[in-house]
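S.K.: Before we start, here is the structure in question, set down as structure tokens.
Numbering (full-length UniProt numbering), first residue to last: 1 to 577.
Rendered as structure tokens:
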């Protein structure tokens with residue numbers, strides 16, 4: 001019995017083993033089945049993803065085609081509109097390449113300022129901390145002009161929009177020649193001009209003001225081109241002739257123009273690039289664009305200037321950087337940083353050593369080309385700096401500001417030389433029942449009554465020309481500064497040229513051998529030539545359909561250039577008749 005009992009125990013083990021094997025086999029088969037199902041799901045999802053990708057690609061393709069079609073239609077409609085209205089399309093409207101905001105303009109004038117004349121210069125590190133004070137205006141651009149900064153125009157005084165165009169709230173009306181007054185063309189109107197009716201479709205030439213009877217102007221005192229005209233002051237002998245040489249098309253507002261010192265090339269600044277043209281042929285020979293800059297948004301080049309030897313071009317932009325380009329190799333030689341707001345103006349000294357810059361951060365800075373790593377000499381003032389100019393002897397730098405003043409410093413020592421300004425009108429009472437006091441007559445011996453937007457030294461360095469939002473051009477005699485040196489009290493003699501009907505945005509003087517004539521460009525879309533000996537207008541030229549933002553005479557004489565909000569730069573000739 002004992003043996004029989006032991007024989008029954010081993011028989012259960014093989015059965016249990018077989019059961020375990022069967023369970024493992026079943027589990028393995030189940031896992032294989034689940035894996036197959038997972039593979040099937042993954043494959044299905046991949047197919048769905050491919051279908052979605054194809055659908056997205058098709059949508060993008062359709063969108064691009066539709067966008068292209070709409071842009072072509074909008075461009076055609078814009079051209080039709082321009083044809084029927086005789087006005088340039090608003091930059092940013094109907095043109096995909098145009099900026100979407102108004103033209104570049106410096107910050108608006110702030111109320112109140114420190115009565116002190118100036119502050120001592122300081123050496124500032126390029127990357128120094130930001131200063132307290134005015135903040136850049138909301139918009140992306142600044143120079144009072146009509147378009148990208150399109151068709152609004154700079155607003156004067158403490159008005160809301162700051163940096164973006166100080167520009168009027170309405171579309172820019174076609175500029176019109178004014179009547180001839182005491183100095184030739186009459187001064188600006190004190191009342192806003194109503195929008196004139198659109199000219200007939202067949203006429204693209206801007207129509208003159210009704211106050212000016214063209215038929216009564218002698219044929220010898222007017223000249224017309226396909227889309228421009230010039231009128232010569234009948235009150236003075238006509239001694240100049242003017243003609244269009246080249247039209248240089250751009251894809252955005254032309255913020256600045258400047259000739260090389262030999263007069264062979266013209267540089268222009270626009271959105272995201274500086275361009276150089278051969279003056280003789282009108283062909284573009286160089287495009288300078290920083291490819292490392294973010295492509296998003298606008299980046300207007302507000303100022304350009306050649307080095308005296310013509311090897312370099314300095315550009316100042318909205319991104320607060322000064323780039324000095326090696327023109328031949330199209331690369332950046334120096335990149336000066338330190339300004340804390342947009343850069344509005346640059347000038348190269350005639351000796352090639354210094355670059356002066358003016359910015360909305362209330363500073364003028366002097367950069368040393370021979371010591372590019374050295375911190376710039378910085379002059380701080382009470383309000384945004386809109387314009388700078390270095391004297392022909394490279395000794396002095398002048399700066400115009402939103403606070404209506406012009407200041408002059410000696411570069412070598414950093415000493416302040418003089419402040420040129422006008423008397424402020426006392427505050428007027430406000431309220432619904434208050435009758436405003438009449439504007440007092442303009443004193444021709446005082447300074448500007450509104451922001452100064454452009455300054456330029458005369459060719460001999462003893463004078464300074466300035467243009468302002470007060471619609472006047474002034475010529476200051478600075479003989480004390482140039483002949484007696486720093487520290488002497490200046491008693492500037494001021495000449496005032498009145499005739500523009502809107503903000504004066506740019507001033508210059510032609511070389512002595514060809515005049516010298518004082519030139520001015522304005523938001524009224526006109527260029528005027530003034531005789532500094534008589535204060536008389538010699539001619540008025542209307543060659544753009546938008547603000548004339550920049551004017552520049554050729555150092556070689558007989559040519560000048562204009563840059564405008566109508567996306568064009570033009571080269572003109574002038575000569576004695």
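Just so it is clear, CB atoms sit at the ideal spot from N, CA and C, and this is done for glycine as well. Bear in mind that the values here come from a model prediction, so they are computed numbers and not experimental data.
1. Hey, residue 405 and residue 348 are a contact pair by Cβ (cut 8 Å); roughly how many whole angstroms apart?
2. Where in the segment 222-309 do unbroken runs of the beta strand (DSSP E), each at least 3 residues long, occur, reported from the N-terminal end onward?
3. Contact between the segment 550-562 and the segment 506-513 is defined here as three or more beta-carbon pairs at a separation below 8 Å; is this criterion met?
4. So is residue 225 buried or exposed if we call it buried at 16+ other beta carbons inside 10 Å?
5. Are three or more beta carbon pairs between the segment 227-235 and the segment 258-276 nearer than 8 Å?
6. Name, in chain order, the residues that DSSP records as bridge partners for residue 400.
7. Can you say whether residue 545 is buried or exposed, counting buried as having 16 or more other CB atoms within 10 angstroms of its CB?
8. I'd like the list of long-range same chain contacts for residue 391, defined as Cβ closer than 8 Å, with 5 residues on each side in sequence excluded.
9. Are residue 518 and residue 531 close, meaning C-beta to C-beta below 9 Å?
10. Does DSSP put residue 178 in a helix, a strand or coil?
11. I need the straight-line Cα distance from residue 484 to residue 459, nearest angstrom please.
12. Going along the chain, which residues of its own chain have a beta-carbon closer than 8 Å to the beta-carbon of residue 293, five neighbours each way excluded?
13. According to DSSP, residue 578 sits in a beta bridge with which residue or residues?
14. Could you tell me if residue 338 is buried or exposed, where buried requires 16 or more neighbouring beta carbons within 10 angstroms of its beta carbon?
15. Spell out the partners DSSP gives residue 336 in its beta bridges.
16. Starting from residue 475 and walking both ways along the beta strand (DSSP E), at which residues does that stretch end?
17. Within 10 Å of its beta-carbon, does residue 307 have 16 or more other beta-carbons around it, so buried, or fewer, so exposed?
18. If contacts are defined as beta-carbon pairs under 8 Å, then residue 270 and residue 302 qualify, I think. What distance do you get, rounded to the angstrom?
19. Is it the case that the CB of residue 329 approaches a heavy atom of the ligand MG more closely than 8 Å?
20. Quick one: Cα of residue 512 to Cα of residue 72, how far?
21. Leaving aside the five residues before and after residue 289 along the sequence, list all residues of the same chain whose C-beta is less than 7 Å from its C-beta, in chain order.
22. Is it true that the CB of residue 497 sits closer than 9 Å to the CB of residue 473?
23. Can you have a look at residue 478 and say buried or exposed, based on whether 16 or more other CB atoms are within 10 angstroms of its CB?
24. Are the beta-carbon atoms of residue 382 and residue 359 separated by less than 9 Å?
25. Apply the 10 Å Cβ neighbour rule to residue 14 and answer buried if 16 or more other Cβ atoms are within range, or exposed otherwise.
26. In whole angstroms, what is the alpha-carbon distance linking residue 370 and residue 286?
27. Looking at the unbroken beta strand (DSSP E) that takes in residue 541, where does it start and where does it end?
28. Relative to the alpha-carbon of residue 575, which residue among 61, 569 and 558 has its alpha-carbon at the smallest distance?
29. Per the DSSP calculation, residue 570 is bridged to which residue(s)?
30. Using C-beta distances below 8 Å, list every residue in its chain close to residue 351, excluding the 5 sequence neighbours before and after it, in chain order.
31. Any idea which residues DSSP pairs residue 55 with across the strands?
32. Are the beta-carbon atoms of residue 324 and residue 343 separated by less than 9 Å?
33. For the putative contact between residue 346 and residue 314, defined by C-beta atoms under 8 Å, what is the C-beta separation to the nearest angstrom?
34. Measuring alpha carbon to alpha carbon, tell me which residue in 367, 267, 368 and 385 is nearest residue 327.
35. Quick check on DSSP: helix, strand or coil for residue 170?
36. What does DSSP give as the partner residues of residue 577 in its beta bridges?
M.R.: Quick look at the numbers:
1. The count along the chain shown starts at 1 and reaches residue 405 at position 405. The count along the chain shown starts at 1 and reaches residue 348 at position 348. Actually they do not touch by this definition, with Cβ atoms about 24 Å apart.
2. 222-224, 229-232, 240-249, 256-259, 265-269, 274-278, 284-288 and 301-306
3. yes
4. Position 225 of the chain shown, counted from the start, is the residue given in the question as residue 225. Answer is exposed; the Cβ neighbour count stays below 16.
5. no
6. As a working mapping, residue 400 is identified with position 400 in the chain shown. DSSP, once it has assigned bridges, lists 387 and 406 as partnering residue 400.
7. Numbered from its first residue, the chain shown carries residue 545 at position 545. Burial call: buried.
8. The residue you call residue 391 lines up with position 391 of the chain shown. Excluding sequence neighbours, residue 391 sits near 397, 398, 457, 461 and 482.
9. Locating residue 518 in the chain shown gives position 518, counting from the first residue. Locating residue 531 in the chain shown gives position 531, counting from the first residue. Yes, these two residues count as a Cβ contact at 9 Å.
10. One-based indexing of the chain shown puts residue 178 at position 178. In this predicted model, residue 178 has a pLDDT of only 44, less than 50, meaning its place in the structure is not dependable enough to derive any value.
11. What you label residue 484 is simply residue 484 of the chain shown in a count that begins at 1. What you label residue 459 is simply residue 459 of the chain shown in a count that begins at 1. Note that residue 484 has pLDDT 49, beneath the 50 cutoff, so the model's placement of it is unreliable and no number is given.
12. Taking the chain shown and counting its residues from 1, one reaches residue 293 at position 293. So the list reads 272, 299 and 319, once near-sequence residues are dropped.
13. Outside the displayed span of the chain (1 to 577) sits residue 578, for which this structure offers no information.
14. Locating residue 338 in the chain shown gives position 338, where the first residue counts as 1. Flag for residue 338 reads buried.
15. Indexing the chain shown from 1 puts residue 336 at position 336. According to DSSP, residue 336 bridges with 322.
16. Counting from 1 along the chain shown, the entry for residue 475 is found at position 475. Residue 475 -> beta strand (DSSP E) spans 472-477.
17. The residue you call residue 307 lines up with position 307 of the chain shown. Its Cβ being crowded by 16 or more others within 10 Å, residue 307 is buried.
18. The residue given as residue 270 occupies position 270 in the chain shown. The residue given as residue 302 occupies position 302 in the chain shown. 10 Å between Cβ atoms; not a contact.
19. This structure does not include the ligand MG; it has no bound ligands of any sort.
20. As a working note, residue 512 is residue 512 in the chain shown. As a working note, residue 72 is residue 72 in the chain shown. Rounded to whole angstroms, residue 512 to residue 72 spans 49 Å at the Cα level.
21. Taking the chain shown and counting its residues from 1, the one referred to as residue 289 is at position 289. The residues are 272 and 273.
22. Numbered from its first residue, the chain shown carries residue 473 at position 473. Numbered from its first residue, the chain shown carries residue 497 at position 497. Contact: yes.
23. Looking up residue 478 in the chain shown gives position 478. Burial call: buried.
24. Within the chain shown, the letter at position 382 stands for residue 382. Within the chain shown, the letter at position 359 stands for residue 359. Not in contact: residue 382 and residue 359 (Cβ atoms no closer than 9 Å).
25. For this step, residue 14 is matched to residue 14 along the chain shown. Counting Cβ neighbours within 10 Å, residue 14 comes out exposed, since fewer than 16 surround it.
26. In the chain shown, residue 370 corresponds to position 370, counting from 1. In the chain shown, residue 286 corresponds to position 286, counting from 1. Whole-angstrom Cα-Cα distance: 25 Å.
27. As a first step, residue 541 is located in the chain shown; it is residue number 541 there, counting from the start. Counting along the chain, the beta strand (DSSP E) containing residue 541 begins and ends at 536-542.
28. Taking the first residue of the chain shown as position 1, residue 575 is located at position 575. Ranking 61, 569 and 558 by Cα distance to residue 575 puts 558 first.
29. If you number the chain shown from 1, residue 570 lands on position 570. Bridge partners of residue 570: 247 and 562.
30. Locating residue 351 in the chain shown gives position 351, counting from the first residue. Contacts found: 308 and 394.
31. Translated into positions along the chain shown, residue 55 becomes position 55. Paired residue(s): none; residue 55 is not in a bridge.
32. Residue 324 sits at position 324 when you count from the first residue of the chain shown. Residue 343 sits at position 343 when you count from the first residue of the chain shown. Against a cut-off of 9 Å, the Cβ pair of residue 343 and residue 324 comes out as no contact.
33. For this step, residue 346 is matched to residue 346 along the chain shown. For this step, residue 314 is matched to residue 314 along the chain shown. Between residue 314 and residue 346 the Cβ distance is about 5 Å, and since that is below 8 Å, they are a contact.
34. Against the chain shown, residue 327 aligns to sequence position 327. Ranking the options by Cα distance to residue 327, first place goes to 267.
35. To locate residue 170, count along the chain shown from 1; it is residue 170. Low confidence applies here, because residue 170 scores a pLDDT of 34, under 50, leaving its location unreliable; read the following figure in that light. The answer is coil: DSSP assigns residue 170 none of H, G, I, E or B.
36. Numbered from 1 along the chain shown, position 577 holds the residue referred to as residue 577. Bridge partners of residue 577: none, in fact.
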